[in-house]
């Protein structure tokens, strides 16, 4: 419930209930989420007391006031760990889907598969954005020493939110996210493959590309 309190309240895809990438640092959670039955049990628990609702067969929703209650009752140390779990779970979901830029440059995809992939990516990106807002609104005294969120996982989150806002014509936010990504890249050690992945994909889309994506 605490992890879900950090997600996008209106639409939490079931694919986000995963073992994370990298793995979440909780062996019990990995064991549970590593099995389909374990994920189903978690969903049953979340919906049993009507705190969470099923949007459809693929997603859950939760009232924002419920999320606030859970977040307000987190201790600082717990908040950092739970945020890390959430970031890694969203990362794993993002790596399992095609981003809009991937779709634009992948001729092998069919129209149907493109639509499905973009639909999923958009849901994941909305959750990435919800987490990003929480991370960068944390106060310094809420983050234990040496546990700043400057790592590869947050870079993937911000790359995603920049593209997400660009598609929906929120260019000022997209540019701010892109600038934040560049600042973090200068402070963490990333390998050349990941660097190329972050920088080779166009974040601010041309109007024709944006219209093409929105038409799917």
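In the working numbering, the protein residues as written are 27 to 242. Note that beta-carbon positions come from the ideal geometry of N, C-alpha and C, so glycine has one too.
Query: Contact set for residue 192: own chain, Cβ-Cβ below 8 Å, skip 5 residues either direction; Result: 200, 229, 230, 231, 236
Query: Residue from 113, 239, 143, 142 whose Cα sits closest to the Cα of residue 185; Result: 113
Query: Opening and closing residue of the alpha helix (DSSP H) in which residue 192 lies; Result: 178-193
Query: Outcome for residue 125 when other beta-carbon atoms lying within 10 angstroms are tallied against a minimum of 16; Result: buried
Query: Delimiting residues of the alpha helix (DSSP H) encompassing residue 85; Result: Careful: residue 85 lies outside any alpha helix (DSSP H), inside the beta strand (DSSP E) at 85-88.
Query: Closest Cα partner of residue 152 within the set 130, 33, 127, 29; Result: 33
Query: Residue 58 beta carbon less than 8 Å from that of residue 116; Result: no
Query: Secondary structure of residue 220, DSSP reduced to three states; Result: helix
Query: Residues near residue 85 by beta carbon distance below 8 Å, same chain, minus five either side; Result: 37, 38, 39, 40, 149
Query: Boundaries of the alpha helix (DSSP H) in which residue 80 is found, first to last residue; Result: Not the alpha helix (DSSP H): residue 80 falls in the beta strand (DSSP E), residues 78-80.
Query: Coil, strand or helix - residue 266 by DSSP; Result: The chain is shown from 27 up to 242; residue 266 falls before or after that span and cannot be answered.
Query: Residues bridged to residue 38 [DSSP beta-bridge criterion]; Result: 86
Query: Selected residue, minimal CA-CA separation from residue 110, among 130, 160, 145, 144; Result: 160
Query: Three-state secondary structure (DSSP) of residue 102; Result: helix
Query: CA-to-CA distance, residue 181 to residue 207, given in whole angstroms; Result: 6 Å
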